[in-house]
Amino acid sequence: MTISPRSQSRRYAALALYQWRLTGEDPMEIKRHLLDDPEWLDAVAGSLNGSEDDDAPPDAKERFNFNMELLDQLLTGVPIHVAEIDSELDRVLDRPISQVDPVELAILRLGAFEILFSDSIPDRVAINEAVELTKLLGAHEGHKYVNGVLDKVARAHAAASGRPV
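With the numbering used here, letter number 102 in the sequence shown gets 101, and the count goes up by one each step, no holes.
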């Protein structure tokens, strides 16, 4: 299965934002590590989606087929706007943000960033990409939670900005 460069960028961003939440390390430094050590990237991705060690990792062509501009935008934008993003998420979450699964929180922040701050990306695309990421990296059935939360964020943002939903 071929992954689009933009989807691959979101996948890498989700992994880096997950690491950022756990370690506090600068996301751009995590990106450098991610690009310099593809085996580390495969190990992190495998540990999140529960794949076995003997599963074949993506080949180099697929691994490095991503949109660097989007990756940089996500890894700089989410940390810059994390307080605003978390404030919007807090309004619609059914639990404190500290109790949200770390992988799902990284994906929620990514999707909310695209909804709130990326006018060139339709809300439905941001939500769909986040749902697909959660299916790949998140907990079983976590995609339903991510879909519901981001749908509420998108509706609230559309209403606040006077856009149709």
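By construction, the Cβ of each residue, glycine as well, lies at the ideal position given by its N, Cα and C atoms.
If you draw a 10 Å sphere on the C-beta of residue 114, you find 16 or more other C-beta atoms in it, and that means buried.
When C-beta atoms of the segment 141-148 are compared with those of the segment 99-113, three or more pairs fall below 8 Å, so the two segments count as touching. Inter-segment contact for the segment 20-38 and the segment 83-99 is absent: fewer than three beta-carbon pairs are separated by less than 8 Å.
In summary, residue 161 is exposed, with fewer than 16 beta-carbon neighbours lying within 10 Å of its beta-carbon over all protein chains present. Three or more Cβ pairs drawn from the segment 7-15 and the segment 97-109 lie within less than 8 Å of each other, which places the two stretches in contact.
Between the beta-carbon of residue 89 and that of residue 96 there is about 6 Å, and that keeps the pair under the 8 Å contact cut. Rounded to the nearest angstrom, the Cβ distance from residue 118 to residue 153 is 13 Å, too far for a contact under 8 Å. In the structure shown, the three-state DSSP call for residue 66 is coil.
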